[in-house]
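Working notes, beginning with the structure itself.
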Amino acid sequence: MGRVRLSQTSQFKKDVKRQKKRGKDPDKLKAVLEILVAGKPLLREYQDHPLLGRWVGRRDCHLEPDWILIYRLAPDELHLERTGTHCDLFG
């Protein structure tokens, strides 16, 4: 798989701002995005897995134990949907 185009929801942008205010390191997010945009698989430490229920068709990976990225990967696009804690995203 080659490089893909990156897109993000307005909610994702708000989520990123919130995570920065919480003191989260944006370089951790950037590192994961670089891997995904390059079309490479994530290391096991990120616990990447498909989601079910209302999130079916999307994937979830862990930047930290309680910092999650929810994204959708199409053949030519990486669509960033949400990021935050388990509580932020799953109630």
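Mapping of the sequence shown onto the working numbering: residues 594 to 684, in sequence order. Glycine residues also receive a C-beta, built at the ideal position from the N, C-alpha and C atoms.
- Judged by DSSP in its simplified three-state form, residue 608 adopts helix.
- Exclusion of the five residues before and after residue 597 leaves 630, 632, 669, 670, 671 as the residues of its chain whose Cβ lies within less than 7 angstroms of its Cβ.
- By the C-beta density criterion, residue 602 is exposed, having fewer than 16 other C-beta atoms within 10 angstroms.
- Your pair residue 661 and residue 642 does not check out as a contact, with CB atoms roughly 11 angstroms apart and the cut at 8 angstroms.
- Residue environment: residue 675 is assigned as buried (16 or more neighbouring CB atoms within 10 Å of its CB, all protein chains considered).
- Assigned with DSSP and collapsed to three states, residue 673 falls in strand.
- Residue pairing by DSSP places residue 652 opposite 643, 664 in a beta bridge.
- Per the coordinates, the alpha-carbon of residue 614 lies some 12 angstroms from the alpha-carbon of residue 677.
- For residue 621, the CB contacts under 8 angstroms within the same chain, skipping 5 residues up- and downstream, are 656, 657, 660 in chain order.
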